[in-house]
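To keep things clear, I will list the structure first and then write my remarks on it.
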Amino acid sequence: MHNTSTAASTAPFTLVFWKEGRTHERRAGYRGTAAEFGEIVLTAPLPRKHTPGSVVSEVRGPSVPTAVFETRGIHTEAADLPTLNRSVLRVGDAPVHLSRNRFGLTHRARALHFRYGGDHYRLRAVNRKQFVLTRRADAEGPGASLTAKLSGLGGGKRLVVRATGRAVAADIVLVTLFAGVDRAPLTRSGAVRAALGRSTRLFAESQA
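Residue numbering for the sequence shown follows the numbering used here, starting at 97 and increasing by one per position.
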């Protein structure tokens with residue numbers, strides 16, 4: 097359920113990389129201001145000390161619902177970010193069911209699908225650093241498409257989000273949250289690289 101006007105597309109916004117704390121209390125992510133939605137803060141991931149047995153990314157802001165993406169399982173020991181396998185997405189207090197075709201041959205076929213607040217969403221990878229979140233048009237509104245692009249290195253990293261159509265608060269937190277998720281499985285080559293990387297790290301740790 098959502099309310100949107102027929103005004104111009106939502107203004108683009110940029111979130112910049114941040115990092116604070118040390119060792120087990122270290123936090124990092126992206127933060128900034130979306131003109132129509134206020135401050136947005138992505139923490140990716142939350143300190144492992146506070147999330148034993150899982151890896152969790154979170155988006156918060158005073159004017160938007162809190163969104164959390166959590167992955168549990170032994171494979172998280174070698175994961176820097178939550179993965180799409182064995183994952184749980186929550187927006188506010190609502191759990192969101194995720195589905196995707198792991199064997200799709202194209203980026204569109206491998207897209208992640210889910211429904212929140214009566215709206216149908218699709219998350220599609222463009223490449224390793226760019227992805228598109230689409231809210232399907234329905235009887236209540238024309239929908240929206242948000243393109244997110246990560247760029248830069250080190251402390252100069254940033255996340256730029258551009259919208260086509262009027263975004264709602266859920267769109268904003270969701271597109272930001274997925275910047276803090278391992279999206280590699282949404283591409284064939286990325287899925288292979290991610291699997292090999294996790295296997296290598298787990299083997300190295302088992303030999304230590």
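Don't be surprised by glycine CBs; every beta carbon is placed ideally from N, CA and C. All of these numbers come straight from a predicted model, not from anything done at the bench.
What distance in whole Å lies between the Cβ atoms of residue j and residue i, which are believed to be in contact at a cut-off of 8 angstroms?
i       : j       : result
Arg-198 : Pro-108 : Actually they do not touch by this definition, with Cβ atoms about 32 angstroms apart.
Val-271 : Leu-229 : 4 angstroms
Pro-238 : Gly-261 : 6 angstroms
Phe-274 : Phe-210 : Between Phe-210 and Phe-274 the Cβ distance is about 11 angstroms, and since that is not below 8 angstroms, they are no contact.
I need the straight-line Cα distance from residue i to residue j, nearest angstrom please.
i       : j       : result
Gly-134 : Pro-161 : 12 angstroms
Leu-180 : Arg-156 : 21 angstroms
Val-257 : Ile-170 : 33 angstroms
Glu-132 : Thr-106 : 8 angstroms
Asp-215 : Ala-233 : 8 angstroms
Leu-208 : Thr-243 : 15 angstroms
Thr-102 : Tyr-217 : Because the pLDDT of Thr-102 is 49, which lies under 50, any placement of that residue in the model is unreliable, and the number read from its coordinates should be weighed accordingly. Near 20 angstroms, if we compare the C-alpha coordinates of Tyr-217 and Thr-102.
Asp-189 : Lys-253 : 31 angstroms
Ser-241 : Ala-259 : 6 angstroms
Ala-104 : Glu-236 : 17 angstroms
Val-222 : Ser-159 : 29 angstroms
Gly-128 : Arg-196 : 30 angstroms
Ala-263 : Arg-231 : 9 angstroms
Arg-279 : Gly-117 : 26 angstroms
Val-137 : Thr-119 : 20 angstroms
Leu-201 : Ala-130 : 35 angstroms
Arg-123 : Gly-276 : 12 angstroms
Leu-194 : Lys-245 : 22 angstroms
Among the options, which has the Cα closest to the Cα of residue i?
i       : options                            : result
Glu-121 : Lys-245, Thr-139, Gln-226, Arg-206 : Thr-139
Ser-153 : Arg-196, Val-184, Ser-159, Ala-131 : Val-184
Thr-167 : Arg-254, Val-151, Pro-158, Ser-159 : Val-151
His-203 : Ile-170, Ser-105, Gly-276, Arg-224 : Arg-224
Val-187 : Glu-116, Asp-234, Ala-266, Ala-259 : Ala-266
Arg-182 : Ser-159, Phe-165, Leu-201          : Phe-165
Pro-178 : Thr-119, Gly-117, Arg-220, Pro-141 : Pro-141
Val-192 : Arg-206, Ala-163, Ala-205          : Ala-163
Leu-83  : Gly-125, Arg-196, Gly-117          : Any answer about residue 83 is impossible in this case: the structure gives the chain only from 97 up to 304.
Arg-284 : Ala-205, Leu-194, Val-264, Thr-129 : Ala-205
Legend entry - Segment contact flag, the stretch 157-177 with the stretch 245-263, C-beta cutoff 8 angstroms, min 3 pairs: no
Legend entry - Contact between the stretch 143-158 and the stretch 107-116 (3+ Cβ pairs under 8 angstroms): no
Legend entry - Length at least 3, wholly inside the stretch 105-186: the beta strand (DSSP E) runs in chain order: 109-116, 123-130, 134-139, 150-156, 163-168
Legend entry - Length at least 4, wholly inside the stretch 212-291: the alpha helix (DSSP H) runs in chain order: 265-273
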